[in-house]
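What follows is a set of notes on a single structure, which appears directly below.
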Amino acid sequence: MGATVFYKTTEEIEMIRESCLIVSKALGLVASMIKPGVTGLQIDKAAETLIRDLKAKPGFKGYQGFPGTLCISVNDGVVHGIPNDKEFQDGDVVSVDCGSYLNGFFGDSAYTFALGDVAPEVIKLMEVTQESLYKGIECAKVGGRIGDIGYAIQQYAEKEHRYGVVRELVGHGIGRDLHEAPEVPNYGRRGQGQKIMDGLVIAIEPMVNLGTKSVRQSKDGWTIITADKSPSAHYEHTIAIGKTGAEMLSTHKFIEEAIKNNPEVKEISRKK
Ligand code: MG
Ligand code: MG
Numbered sequence: 001m002g003a004t005v006f007y008k009t010t011e012e013i014e015m016i017r018e019s020c021l022i023v024s025k026a027l028g029l030v031a032s033m034i035k036p037g038v039t040g041l042q043i044d045k046a047a048e049t050l051i052r053d054l055k056a057k058p059g060f061k062g063y064q065g066f067p068g069t070l071c072i073s074v075n076d077g078v079v080h081g082i083p084n085d086k087e088f089q090d091g092d093v094v095s096v097d098c099g100s101y102l103n104g105f106f107g108d109s110a111y112t113f114a115l116g117d118v119a120p121e122v123i124k125l126m127e128v129t130q131e132s133l134y135k136g137i138e139c140a141k142v143g144g145r146i147g148d149i150g151y152a153i154q155q156y157a158e159k160e161h162r163y164g165v166v167r168e169l170v171g172h173g174i175g176r177d178l179h180e181a182p183e184v185p186n187y188g189r190r191g192q193g194q195k196i197m198d199g200l201v202i203a204i205e206p207m208v209n210l211g212t213k214s215v216r217q218s219k220d221g222w223t224i225i226t227a228d229k230s231p232s233a234h235y236e237h238t239i240a241i242g243k244t245g246a247e248m249l250s251t252h253k254f255i256e257e258a259i260k261n262n263p264e265v266k267e268i269s270r271k272k
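So for the sequence shown, this note's numbering puts the first residue at 1; every next one is plus one.
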């Protein structure tokens, strides 16, 4: 990630929005398919086909050698899990991260799915993590600082709910590159960090663990897992900051609609 922040023009933001729409649709397709008995490779293939049918390219495939279209991280998997042929089990929590590349611009979004009979404490973790994302988005405004976003997320997830907010992985600027400056940590201090200005496009993506905030890399060289094997949740949106506030370029509405018709995925309630 370079240090230069590339502020986007209105036209560039429209291109990122188009790329994000494809990501959002791919995650909607995932939401309609995912259930116990299905494999990560199956949803990965379906997402890739949809992305290519929409004339885009998978944003993650080949990125630093990553083999999948989706990052699929199950239970104690935090992020960067590689799609495999293992069937999802009843009770799994599955974080699915998707990127696309269209007309020179990336889009990026993630969602965590609860399959079947998931423990209430894990559902609560998911709800709080999702809510922390929206709290972070609310703080992304012109005149503020990047630290305001992390502060809001950390305050809610860690201080209020005593979960572990992952430090090693962070949100990021996004545009012509998948990961651009600035880094957007999910922790921080109000009033600190990069100034937020008109045209900033960032991906905010809290990763929150039921137990310790500590993580480690698994032997596959990609998957990040919690150090204490506790479950983890991850939600992400790409947003653009304009004079009137933050605008979400990705959406989870396709996911939420699909979950309503997929009895094997639990609905995660959202305050707003
Ligand atoms: Mg992502
Ligand atoms: Mg991201």
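We put the beta carbon where it would ideally sit given N, CA and C, even for glycine.
Which residues mark the beginning and the end of the beta strand (DSSP E) in which residue i is found?
| i | result |
| --- | --- |
| Ser100 | Val93 to Leu102 |
| Ser232 | Ser232 to His234 |
| Ser109 | Phe105 to Ala114 |
| Ala258 | Unbroken run through Ala258 is the alpha helix (DSSP H), Lys253 to Lys260; no beta strand (DSSP E). |
Going by alpha carbons, who is nearest to residue i out of the options?
| i | options | result |
| --- | --- | --- |
| Asn261 | Lys8, Ile22, Ala3 and Ala31 | Ala31 |
| Lys243 | Val208, Asp220 and Val201 | Val201 |
| His172 | Ile196, Ser95 and Ser214 | Ile196 |
| Tyr63 | Tyr101, Gly77, Pro120 and Val96 | Tyr101 |
| Asp76 | Val215, Val5, Ala240 and Thr238 | Val215 |
| Tyr187 | Ile241, Tyr156 and Ser24 | Tyr156 |
| Ile137 | Ala203, Gly191, Asp90 and Thr112 | Ala203 |
| Ser218 | Gly81, Cys20 and Leu41 | Gly81 |
| Asp90 | Pro263, Arg270 and Glu131 | Pro263 |
| Ile13 | Ile259, Thr238, Arg270 and Leu50 | Thr238 |
| Ser250 | Asp220, Ile174, Pro231 and Ser269 | Ile174 |
| Gln130 | Ile259, Cys20, His234 and Gly221 | His234 |
In whole angstroms, what separates the C-alpha of residue i from that of residue j?
| i | j | result |
| --- | --- | --- |
| Lys229 | Thr212 | 9 Å |
| Thr39 | Pro206 | 25 Å |
| Ile255 | Ser24 | 8 Å |
| Glu267 | Val79 | 21 Å |
| Phe66 | Lys135 | 30 Å |
| Pro58 | Arg190 | 35 Å |
| Val122 | Met248 | 26 Å |
| Val170 | Ile16 | 20 Å |
| Glu257 | Val265 | 12 Å |
| Thr9 | Phe113 | 34 Å |
| Val96 | Val118 | 17 Å |
| Lys35 | Arg52 | 24 Å |
| Ile241 | Ala181 | 15 Å |
| Val70 | Asp198 | This sequence places Leu at residue 70; Val is not what is there. Going by the C-alpha atoms only, they are around 30 Å apart. |
| Leu41 | Arg167 | 29 Å |
| Glu11 | Glu18 | 11 Å |
| Gly116 | Thr4 | 44 Å |
| Gly143 | Ile22 | 31 Å |
| Pro231 | Lys271 | 22 Å |
| Gly99 | Ile72 | 12 Å |
| Glu183 | Tyr163 | 22 Å |
| Phe274 | His179 | Missing from the structure shown is residue 274; the chain here goes from 1 to 272 and no further. |
Short of 7 Å in beta carbon distance, which residues of its chain neighbour residue i, apart from the five on each side in sequence? Order them along the chain.
| i | result |
| --- | --- |
| Cys139 | Asp148, Ile149 and Ala152 |
| Gly245 | Lys141 |
| Ala227 | Thr212, Ser214, Val215 and Arg216 |
| Leu29 | Ala46, Ala47 and Leu50 |
| Ile225 | Asp76, Gly77, Val78, Val215, Arg216 and Ser218 |
Report all residues from its chain with a CB closer than 8 Å to the CB of residue i; omit the five preceding and five following residues, and keep chain order.
| i | result |
| --- | --- |
| Arg176 | Phe6, Gly104, Phe105 and Phe106 |
| Arg145 | Arg190, Gly191, Gln192, Gly193, Gln194, Lys195 and Ile196 |
Between which two residues does the alpha helix (DSSP H) holding residue i run?
| i | result |
| --- | --- |
| Val79 | Run containing Val79: none in the alpha helix (DSSP H); it sits in the beta strand (DSSP E), Gly77 to Val79. |
| Leu70 | Looking at the DSSP string, Leu70 is not in any alpha helix (DSSP H); the run it does join, the beta strand (DSSP E), is Leu70 to Val74. |
Beta-carbon within less than 6 Å of residue i's beta-carbon, same chain only, minus the 5 sequence neighbours each way: which residues are those?
| i | result |
| --- | --- |
| Val165 | Gln154, Ala157, Glu158, Asn186, Tyr187, Val208 and Lys213 |
| His161 | Val128 |
| Lys124 | none |
message = If we require 3 or more residues per run, which beta strand (DSSP E) segments fall completely within the stretch 135–219?
response = 171–173, 180–184, 201–204, 207–209 and 215–217
task = Please go through the stretch 10–51 and give each complete alpha helix (DSSP H) segment of 4 or more residues, from N-terminal end onward.
result = 10–33
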